[in-house]
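Okay, so the sequence shown: first residue is 693 according to this note's numbering, each after it adds one.
Glycine included, C-beta positions come from ideal geometry on N, C-alpha and C.
Treat the numbers as computed from the prediction; the structure is a model and nothing was measured.
Everything on this sheet refers to the single structure shown next.
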Amino acid sequence: SIHRGTVARIQPFGAFVRIDNYADGLVHISQLRDERVESVADAVREGEYVWVVVTDIKEGNKVSLSMRLVDQETGELKEPLNDVDAATPSARRTGELPQLYSVHKGTVARIQNFGAFVRIDNYGDGLVHVSQLCAYRVEDPNDVVDVGQKVYVKVVEHREMDKVSLSMKVVDQATGEDLDPANRDYQARGEGGGGRRGNAPIRAGDEVDPVEAMRKGTADPRNQRFASGGDYELVEDDEPAPPPAEPIGRGRGATMPAWMQTLKDDVGKDLRRKEKKRERKEAKKRRKKEKKAAKKAKKREKKSKKEKKSKKRKRDSSADARKEKKSKKERYADAD
693 SIHRGTVARI QPFGAFVRID NYADGLVHIS QLRDERVESV ADAVREGEYV WVVVTDIKEG
753 NKVSLSMRLV DQETGELKEP LNDVDAATPS ARRTGELPQL YSVHKGTVAR IQNFGAFVRI
813 DNYGDGLVHV SQLCAYRVED PNDVVDVGQK VYVKVVEHRE MDKVSLSMKV VDQATGEDLD
873 PANRDYQARG EGGGGRRGNA PIRAGDEVDP VEAMRKGTAD PRNQRFASGG DYELVEDDEP
933 APPPAEPIGR GRGATMPAWM QTLKDDVGKD LRRKEKKRER KEAKKRRKKE KKAAKKAKKR
993 EKKSKKEKKS KKRKRDSSAD ARKEKKSKKE RYADAD
């Protein structure tokens, strides 16, 4: 059922929405928006009115809600995007299950950390597990696909509750060609595996052009497959051979390994760089000290000149006073 509620409080894992005449239900962070949400506060704020749909009632009357399945402007329910969101599997089906091992062109509807949900016309959504996006290891599905992107997928498994497993790595994304017509690169659950084998073992007659395989996305660059029994010659390295290693010590192990020689060169460069830096620092300190000393000497010289002028003025003043006194005495003597 769809309700309009108020965001009561925010937590790192989601937001609690208060529904009138009931209680608070949890909108998990993955159910806030179609796109990935890093912080709940970026999607909603406390006191905001939102539309939610009840997706599950757990033990203890705990209610799970979803905002991303409801149009926040009209309050109408969008088409469910995967089996977890739908109350029943039939709620999201628009037709029969697609034929096993058939190839379809679909649209990426939603991305999760475990894979991407691809919508197929006249059917619904199927999961492309993160291990089936590319032949190489994928840490984040967002690095491979985007919401709304058109991709080719192959139906590789029909699971319980009408769930469908899809694969992108076994289909040429440029042409839609099935790159695994023998269906050997996927092992369904319940048949001795967890859904994927990785790269199929090399068999007699297998011929895979590594460049073509990379273009089609079927080859792991760290684990290339080549034609069994093919005639291949080693290609000489373009880089020149490294100089002979510097001998160290005596007897066995007297030759320094290449990595140690490289390490020694790096350490030497680092030491020289530090030595030059230290010399520049000391030269700067010396210049600063010399400049300070010159400033002090100039100040002392200025002070000395000032003192000399002051003493001269005092001497001149004393001489004038003595002359004046002598002149007075002479005048008194003449008067007598």
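Rounded C-alpha distance that separates Lys1001 from Ser1009: 12 Å
For Ile721, which residues does DSSP report across the bridge? When DSSP reads this structure, Ile721 sits in no beta bridge, so it has no partner.
Along the beta strand (DSSP E) that carries Lys770, what are the first and last residues, could you check? Here Lys770 belongs to no beta strand (DSSP E), and DSSP marks it neither H nor E.
What does the alpha-carbon distance come out to for the pair Val820 and Ala715? 36 Å
Would you tell me roughly how many angstroms separate the C-alpha atoms of Thr867 and Val848, rounded to the nearest one? 19 Å
Three-way DSSP call (helix, strand, coil) for Leu819 in this model: Under the three-state reduction of DSSP, Leu819 is assigned to strand.
Smallest Cα separation from Val744: which of Lys994, Ala707 and Leu789? Cα-wise, what sits closest to Val744 is Ala707.
Mind the definition here: the region 746–764 touches the region 809–816 only if three or more C-beta pairs lie below 8 Å; say whether that holds. No: the two stretches stay apart, fewer than three of their Cβ pairs being nearer than 8 Å.
Note down the Cα distance separating Val795 from Glu738, rounded to an integer number of angstroms. 46 Å
Under 9 Å between C-beta atoms of Arg701 and Val742: no
Can you give the Cα-Cα distance for Gly890 and Pro873, rounded to whole angstroms? For Gly890, the predicted model reports a pLDDT of 44, less than 50, meaning its position is unreliable and no value from the coordinates is stated.
CB of Lys754 within 9 Å of CB of Leu718, strictly: yes
Whole angstroms is fine: what's the gap from Asn834's alpha carbon to Asp870's? 24 Å
Can you tell me whether DSSP reads Glu738 as helix, strand or coil? Note: Glu738 maps to coil in three-state DSSP.
Assuming Arg760 and Gln723 form a contact by the criterion Cβ under 8 Å, report the distance between their Cβ atoms to the nearest whole angstrom. 6 Å
Whole angstroms are fine: how far does the CA of Gly752 sit from the CA of Gln865? Approximately 47 Å, taken between the alpha carbons.
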